[in-house]
Amino acid sequence: MKVLVTGGSGRAGKYVIRELLDNGHSVVNADVVNGYLEDRNPELSYKKIDFTDYGETVFATSGCDAIIHLAAIPSPGVIPNQEIFRVNMISTFNVLEAAEEKGIEKIVLASSVNALGAGWPATLWGEPPIPPEYFPVDEKHPTRNKDVYSMTKWLGEEMGESFARKRKVQISNMRFHGLWDEEMAKNYLKAEKKMDLTGHNAAGFFAWTDRRDAASACRLSIEGDWTGHEAFFINGKDTVLEIPTKDATNELFPDVPYVKEVEEYGTLLDIDKAKEILGWEPKYSWRDASDW
């Protein structure tokens with residue numbers, strides 16, 4: 005397939021592009037900068053695109069069979085709230101609208117664990133973690149978003165759902181968390197002090213995502229054959245903690261029930277849906293980083 009990757013020069017985009025090329029796809033990297041000037045792969049091309057401009061977005065999608073939309077403002081606090089909302093919402097709408105205009109049926113959108121609204125209030129405003137209704141948290145859990153970034157991720161999922169009602173299409177929203185590269189994982193393994201049980205760490209349920217696992221999830225989504233819109237938690241199979249998962253939740257969230265068992269150091273964000281629909285499973289753990 006010929007795949008348009010928006011934001012392909014970013015921290016996740018480079019891994020997604022490599023994953024696609026390594027598995028026989030051709031790629032258009034559409035971004036405001038080209039991170040692949042030294043790469044002469046004939047299956048990779050570049051277009052400078054502003055995805056808040058609909059005409060440019062339509063131009064970028066021409067001739068493509070699938071879209072992986074990663075371009076976005078990645079966190080709150082970096083630019084004014086209204087700009088975060090404008091960029092993230094308009095770019096996502098433009099990609100979905102252009103895909104419909106061009107008849108592109110396979111679309112991946114970069115969502116975030118923050119679609120739950122759990123993480124950023126602790127960092128931005130010092131609020132205590134909000135207990136979830138149950139563990140492990142799955143995609144059916146209601147959102148509590150109130151910061152603008154989390155709002156855009158939740159609304160991006162709603163937008164995907166809306167577009168999927170209009171035609172036969174396959175839209176996935178990938179709820180990534182953290183997006184570590186190999187160096188980050190190795191440094192974390194060697195660090196004397198690991199993440200503690202407070203603040204943003206607890207609010208994000210101690211999850212993390214290896215960028216290579218994120219990339220394989222994107223590829224498997226466009227290679228799969230299913231219909232509609234789905235959100236998926238895409239994160240590691242373990243937490244970032246050195247203590248067992250239930251020890252952490254017993255201390256922080258003692259009244260939250262478990263609706264299914266987790267492994268000793270297992271993730272609190274349920275990834276079974278991605279396994280069942282996409283055939284995806286994380287391959288990497290920071291605990292094994294010394295072997296990479």
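In the working numbering, the protein residues as written are 5 to 296.
In this text, a Cβ means the ideal position worked out from N, Cα and C, and glycines have one as well.
May I ask you to list the residues that DSSP assigns as paired with residue i?
| i | result |
| --- | --- |
| Tyr153 | None; Tyr153 has no bridge partner. |
| Glu234 | Ser176 |
| His181 | Note: His181 sits in no beta bridge, so no partner. |
| Asn33 | Val9, Tyr50 |
| Val112 | Ile72, Ser176 |
| Leu273 | Val141 |
Cβ of residue i within 6 Å of any heavy atom in the ligand MG?
| i | result |
| --- | --- |
| Asp217 | Among the components of this structure there are no ligands whatsoever, and the ligand MG is therefore not found. |
In three-state DSSP terms, what is residue i?
| i | result |
| --- | --- |
| Glu268 | coil |
| Asn27 | coil |
| His204 | helix |
| Ala219 | helix |
| Asp242 | strand |
| Tyr138 | coil |
| Asp251 | helix |
| Asp229 | coil |
| Tyr262 | strand |
| Asp57 | coil |
| Asp214 | strand |
| Pro78 | coil |
| Asn45 | coil |
| Lys147 | The residue asked about is misnamed: residue 147 is Thr in this sequence, not Lys. Coil, per DSSP. |
| Glu162 | helix |
| Met93 | helix |
| Ser294 | helix |
Return the chain-ordered list of same chain residues with a C-beta closer than 7 Å to the C-beta of residue i, the five sequence neighbours on each side being excluded.
| i | result |
| --- | --- |
| Ser154 | Asn118, Ala119, Gly121, Trp124 |
| Ala103 | Thr65, Ile71, Ile111 |
| Asp151 | Pro80, Trp124, Pro125, Leu128 |
| Ala206 | Pro133, Leu256 |
| Thr147 | Ala119, Leu120, Gly121, Trp158 |
Return the residue from the list the options that minimises the CA-CA distance to residue i.
| i | options | result |
| --- | --- | --- |
| Val99 | Cys68, Glu196, Lys194 | Cys68 |
| Glu255 | Pro132, Trp184, Tyr50, Leu201 | Leu201 |
| Ile71 | Thr231, Pro46, Ala34 | Ala34 |
| Asp142 | Ser30, Tyr192, Glu234, Glu47 | Glu234 |
| Asp282 | Tyr50, Asp185, Ser30, Leu224 | According to the sequence provided, residue 282 is Leu. The question's Asp does not apply to it. The shortest C-alpha separation from Leu282 is found at Leu224. |
| Asn45 | Ala207, Trp158, Arg15, Val32 | Val32 |
| Phe209 | Gly14, Gly270, Ile21 | Gly270 |
| Asn27 | Glu280, Trp230, Ala221 | Ala221 |
| Met188 | Phe237, Val244, Trp158 | Val244 |
| Met5 | Gly14, Val62, Asp295, Glu47 | Glu47 |
| Lys198 | Glu165, Glu246, Glu268 | Glu246 |
| Thr231 | Ser49, Gly14, Gly203, Gly164 | Gly164 |
| Asn239 | Thr147, Asn149, Pro258, Trp184 | Trp184 |
Using C-beta distances below 8 Å, list every residue in its chain close to residue i, excluding the 5 sequence neighbours before and after it, in chain order.
| i | result |
| --- | --- |
| Asp54 | Val36, Glu60 |
| Pro287 | Sequence check: residue 287 is Lys here, not Pro. Closer than 8 Å at the Cβ level, and outside the excluded window around Lys287, lie Asp214, Arg216, Asp217, Ser220. |
| Glu23 | Arg216, Ala219, Ser220, Cys222, Arg223 |
| Leu193 | Trp290, Arg291, Ala293, Ser294 |
Using a beta-carbon distance below 7 Å, is residue i in contact with chain D?
| i | result |
| --- | --- |
| Gly17 | No chain D is present in this structure, which holds just one protein chain. |
Can you name, in chain order, every residue of its own chain whose Cβ lies under 6 Å from the Cβ of residue i, other than the five neighbours on each side?
| i | result |
| --- | --- |
| Ala110 | In the sequence under discussion, the amino acid at residue 110 is Lys, which differs from the Ala named in the question. Result list for Lys110: Ala70, Gln174, Ile226, in chain order. |
| Gly11 | Gly17, Asp35, Leu74, Ala75 |
| Lys279 | Glu285 |
### Query
Does the count of Cβ pairs from the stretch 110–123 and the stretch 82–90 closer than 8 Å reach three?
no
### Query
With contact counted as at least three CB pairs below 8 Å, one residue from each stretch, are the stretch 173–187 and the stretch 95–115 in contact?
yes
### the stretch 216–226 touching the stretch 246–265, judged by at least three CB pairs closer than 8 Å
no
### Message
Any contact between the stretch 269–284 and the stretch 160–175? By contact I mean 3 or more CB pairs, one from each, below 8 Å.
### Response
no
### Any 3 or more C-beta pairs closer than 8 Å across the stretch 130–143 and the stretch 263–272
Contact between the stretch 130–143 and the stretch 263–272 is present, because at least three Cβ pairs lie under 8 Å.
### Task
Would you check if there are 3 or more beta carbon pairs closer than 8 Å linking the stretch 125–133 to the stretch 87–105?
no
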